[in-house]
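Counting from 1, position 31 in the sequence shown corresponds to residue 36 in the numbering used here; the numbering is continuous, with no gaps.
Yeah, the Cβ is synthetic: ideal placement off N, Cα and C, and Gly gets one too.
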Amino acid sequence: YTDAKEAAIRKELMACDGYICRVNPGKYEGVTQSKLDKLLNDLVAAGKVGMSSAEAMQKMGAKDALVKIAGLECGLSCTAAYYDMKELTANFPKTMAKGDIRVLKQNRGSQG
Numbered sequence: 006y007t008d009a010k011e012a013a014i015r016k017e018l019m020a021c022d023g024y025i026c027r028v029n030p031g032k033y034e035g036v037t038q039s040k041l042d043k044l045l046n047d048l049v050a051a052g053k054v055g056m057s058s059a060e061a062m063q064k065m066g067a068k069d070a071l072v073k074i075a076g077l078e079c080g081l082s083c084t085a086a087y088y089d090m091k092e093l094t095a096n097f098p099k100t101m102a103k104g105d106i107r108v109l110k111q112n113r114g115s116q117g
């Protein structure tokens, strides 16, 4: 996808039953996030099965998605998020004391 090819891609996708979109927001030259979001939302509004819609991606966030599904069967109940340094310093050492393996990530983008 690029903004320059939006019309052609829209036409092709409208002829499909569904789509899978994987674009890191704000990471690609020639891609305006609001234009891509509109395309994805228009596809869903037209009845296409989307993975994922722009609305769903915005609601879930990149790393927050793991926290939001922690209580589901597919999630991990020990998943946590710390939104400021106070929360991190108060709670992260407690999780480390349990001896579990931890992955610490910044909450920015979805590249790592």
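Please tell me whether Ile14 and Met56 are closer than 8 Å, where the distance is taken between their beta carbons. no
DSSP bridge partner residues for Tyr24 (one or two, in chain order): Gly55
Is Val28 closer than 8 Å to Leu41 when the C-beta atoms are compared? yes
What is the DSSP secondary structure of Gly117, reduced to helix, strand or coil? Here Gly117 scores only 48 on pLDDT, less than 50, and its place in the model should not be relied on; the value that follows carries that caveat. In the structure shown, Gly117 sits in coil (DSSP, three-state: anything other than H, G, I, E or B).
How many angstroms separate the CA atom of Gly117 from the CA atom of Val108? Reliability fails at Gly117, whose pLDDT of 48 lies under 50, so the model's placement of it is uncertain and the value that follows must be treated cautiously. Each residue's alpha carbon lies about 10 Å from the other.
Please report the distance separating the alpha-carbon of Thr100 from that of Gly80. 17 Å
Pop quiz: Leu93 and Lys53 are said to be a contact at Cβ under 8 Å. What is the actual Cβ separation, rounded to whole angstroms? Wrong, their Cβ atoms sit about 40 Å apart, outside the cutoff.
For the segment 79–112, which segments carrying the alpha helix (DSSP H) assignment without a break, of at least 4 residues, lie completely within its bounds, in sequence order? 90–102
Exposed unless 16 or more other CB atoms sit within 10 angstroms - verdict on Ser39: By the neighbour-count rule (16 or more Cβ atoms within 10 Å), Ser39 is not buried but exposed.
Whose CA, out of Tyr6, Asp22 and Asn46, lies closest to the CA of Lys32? Nearest C-alpha to Lys32: Tyr6.
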